[in-house]
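Single-structure report; data block below.
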Amino acid sequence: MKYSIQSGFAGFPSVDLIGGPTPLQRAVNLEMVLRGEGINAGIYLKRDDLMPIGGGGNKIRKLQYHMAAILGNGADTVVTFGGIQSNHARLTAAVSARLGLECHLVLSQQVDIRTDEYQANGNPWLNRIFGANSHLLDRDESAELFAKSLIDRLEGQGKKVAVIPTGGSTALGALGYAECAFEIAQQADAAGLNVRNISLANGSSGTQAGLIAGWIDLEKSPDIITGYAVMASRGSTIDATRDLAASTLKLIGGNRLPDVFTPGVDDSQLGAAYGQPTQSMVEAVGLLAKTEGVLLDPVYSGKAFAGLLAQLRAGAYASGDDVIFLMTGGVPSIYAYQGALDDSFSGHSYSTVGIL
Ligand SMILES: Cc1ncc(COP(=O)(O)O)c(C=O)c1O
273 MKYSIQSGFA GFPSVDLIGG PTPLQRAVNL EMVLRGEGIN AGIYLKRDDL
323 MPIGGGGNKI RKLQYHMAAI LGNGADTVVT FGGIQSNHAR LTAAVSARLG
373 LECHLVLSQQ VDIRTDEYQA NGNPWLNRIF GANSHLLDRD ESAELFAKSL
423 IDRLEGQGKK VAVIPTGGST ALGALGYAEC AFEIAQQADA AGLNVRNISL
473 ANGSSGTQAG LIAGWIDLEK SPDIITGYAV MASRGSTIDA TRDLAASTLK
523 LIGGNRLPDV FTPGVDDSQL GAAYGQPTQS MVEAVGLLAK TEGVLLDPVY
573 SGKAFAGLLA QLRAGAYASG DDVIFLMTGG VPSIYAYQGA LDDSFSGHSY
623 STVGIL
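Here the sequence shown stands for residues 273 to 628, where the numbers follow our numbering.
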């Protein structure tokens, strides 16, 4: 196994799994299509779905910090949690493979979809290819109790076990997105952007909390950051995001969260429940795919991008404003939603012929 541990954000140890900044890409064709609807803002994609391991995605930035701590403690086995189609689980499996760690995934039935493609295709299939041990729980089984007995068993076999909480969303994991805030600011400055909004999906809140912490550390207003809640209601997502942003800033030891601060959270795209497809998600996935050749995922970034499109269509941003959408990955789960996505795609096409 070969890896290098470097001094990462705020001097915390980090395993390099990305190798440099991810691209900030202008969505020119999409802009052209939206101009036909009277929308003139600049639209940029921060491509955190493009990373050189496991298919990429936001969890890699968090795992850079978690894994450095785990290796530093001499652990040889990792246990983490998620739903069957968890991207965090898949990326923990991939990163464990790279780092030579034994990986155990405790997977729950969080979403009431029983199709074969949901239960077996996409992420759970990739987990097996990456060599992880998957423990699929029954609907009412407690992940916490199962993990406790699993850890006892592994430790009984002489293994040194480290646990990564759901989504890697601790202050340590969120450091990855505080670091990303600096990366985005640098890229936006270099491109001369007038950034009025950064949109992203919010599940377990670590990504948005980290971005907020970084933005505050940069002495910029975190009010431009909008998280589209895909897992819980606005109220509980706001609380979780604020608490985690505060603990991330505390860890960094820099600026503090403003005394009165409400993170920007919008739950209008949640739909019936976490992981249940919505019509606006299907439209958003199709629009970006057909204009830019870029894939969103049905659970997180598809719903968040639908939210950004709704804001653009409501006239929230004008000519001269730039918005950045954080592409957080998750594309393998598209294979678990073939039925939901199929019907809605037939017949659409967009004219994007033009010269830059
Ligand atoms: C593809 C994708 N996007 C966004 C998120 C949300 O990130 P967070 O849990 O940090 O809010 C996740 C979390 O699982 C994800 O897998």
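Glycine included, each C-beta is placed from N, C-alpha and C at the ideal position.
Quick caveat, the model's predicted, so the values are computed rather than measured.
{"query": "Below 6 Å CB to CB, which residues in the same chain sit around Arg514 once its five sequence neighbours on both sides are set aside?", "result": "Pro535"}
{"query": "Can you name, in chain order, every residue of its own chain whose Cβ lies under 6 Å from the Cβ of Gln610, other than the five neighbours on each side?", "result": "Glu389"}
{"query": "What number of angstroms, rounded off, separates the C-alpha of Leu398 from the C-alpha of Tyr607?", "result": "11 Å"}
{"query": "If Asp321 and Val557 are in contact, beta carbons under 8 Å, what's the gap, nearest whole angstrom?", "result": "Actually they do not touch by this definition, with Cβ atoms about 13 Å apart."}
{"query": "Tell me whether Tyr607 sits in a helix, a strand or coil according to DSSP, three-state version.", "result": "helix"}
{"query": "Three or more C-beta pairs closer than 8 Å, one from the segment 307 to 319 and one from the segment 340 to 354: is that the case here?", "result": "no"}
{"query": "So Met339 is in the alpha helix (DSSP H); what residue range does that whole segment cover?", "result": "Asn330 to Gly344"}
{"query": "Can you find the residues in the same chain that come closer than 8 Å, C-beta to C-beta, to Lys432, ignoring five residues on each side of it along the sequence?", "result": "Asn345, Gly346, Ala347, Asp348 and Thr349"}
{"query": "Just the Cα atoms here: how many angstroms apart are Gly283 and Gly525?", "result": "11 Å"}
{"query": "Output the residue ranges of the alpha helix (DSSP H) runs that lie fully inside the segment 554 to 589 and measure 4 residues or longer, sorted by chain position.", "result": "573 to 585"}
{"query": "Report yes if the CB atom of Gly448 is closer than 7 Å to the CB atom of Lys334, and no otherwise.", "result": "yes"}
{"query": "Under 6 Å from any heavy atom of ligand 1, does the C-beta of Asp538 make it?", "result": "no"}
{"query": "Among Thr442, Ala612, Asp594 and Glu455, whose alpha-carbon lies nearest the alpha-carbon of Ala481?", "result": "Thr442"}
{"query": "Would you give the residue range spanned by the alpha helix (DSSP H) that Val367 belongs to?", "result": "Asn359 to Leu371"}
{"query": "Going by beta-carbon coordinates alone, are Ile356 and Pro396 separated by less than 7 Å?", "result": "yes"}
{"query": "Under the rule that 16 or more other beta-carbon atoms within 10 Å means buried, what is Thr600, buried or exposed?", "result": "buried"}
{"query": "With respect to 6 Å, is the separation between the Cβ of Ser441 and the closest non-hydrogen atom of ligand 1 below this value?", "result": "yes"}
{"query": "To the nearest angstrom, how far is it from the Cα of Asn469 to the Cα of Glu427?", "result": "47 Å"}
{"query": "Check whether the Cβ of Tyr546 sits closer than 6 Å to any heavy atom of ligand 1, and report yes or no.", "result": "no"}
{"query": "Mind reading off the beta-carbon distance from Thr479 to Gly354? Whole number of angstroms is fine, and I expect it under 8 Å.", "result": "Not confirmed; about 15 Å, so no contact."}
{"query": "I believe Phe418 touches Val378 by the beta-carbon criterion, under 8 Å. Please report the beta-carbon distance rounded to the nearest angstrom.", "result": "6 Å"}
{"query": "So, using beta-carbon positions, are Asp538 and Gly579 closer together than 7 Å?", "result": "yes"}
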